[in-house]
Amino acid sequence: MCVTLKVEYKQVAVRQNLDLYNNESLDKLVRRWLEKLKLLEKEKEPVKQLTELERKEAEQFLHQPDLLQRTNVLIGQSGVIGEENNRLLMYLVFTRRKREEPLHVISRGPSGTGQTHLQLGVGELRPPEDVIKTTSL
């Protein structure tokens, strides 16, 4: 059954044909309305700026020997237990997110062996504004 809908919000109108028996059509329609009517926009949180003391401490940490081992220990202390090699590799990939050629991670393994837990745990170490979570392809 096909209908034509008109949605109006704050003097912006959107008209769309819709097949009521097609879920995919309805999903696309809702996304289109949200975009057109600007209902998806969120207020951006200001990016946290480091204080001078925090900046100096970070620089000292980066210049000490065994940076990767110390980083891996801190990842473990944050609650990401086990998977030492995988968690460090994933963290390093995540730190390239703002580079010209960022890297990406796909975790594969039998169901229930912790891939999502590992990604979420390491992802929590990134600034919230830079985290995008997906669990299926």
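Numbering of the sequence shown is given in the working numbering, commencing with residue 2 and proceeding in unit increments.
We put the beta carbon where it would ideally sit given N, CA and C, even for glycine.
Note that the structure is predicted; figures quoted are calculated from it, not measured.
Closest Cα partner of residue i within the set the options
i, options, result
"residue 32", "66, 127, 15, 87", "15"
"residue 87", "2, 54, 101, 118", "118"
"residue 76", "67, 66, 92", "92"
"residue 80", "103, 100, 125", "125"
"residue 4", "101, 21, 128", "21"
"residue 10", "130, 49, 34, 111", "34"
Residue i burial status per 10 Å Cβ neighbour count (16 or more: buried)
i, result
"residue 62", "exposed"
"residue 123", "buried"
"residue 97", "exposed"
"residue 120", "buried"
"residue 84", "buried"
Secondary structure of residue i, DSSP reduced to three states
i, result
"residue 67", "coil"
"residue 126", "coil"
"residue 21", "coil"
Do the region 67 to 82 and the region 101 to 113 make contact, defined as three or more Cβ pairs closer than 8 Å?
no
Pick out the complete alpha helix (DSSP H) segments inside the region 65 to 123, 4 residues or longer, and give them in chain order.
Entirely contained in the region 65 to 123, the alpha helix (DSSP H) runs reaching 4 residues are, in chain order, 68 to 78, 85 to 96.
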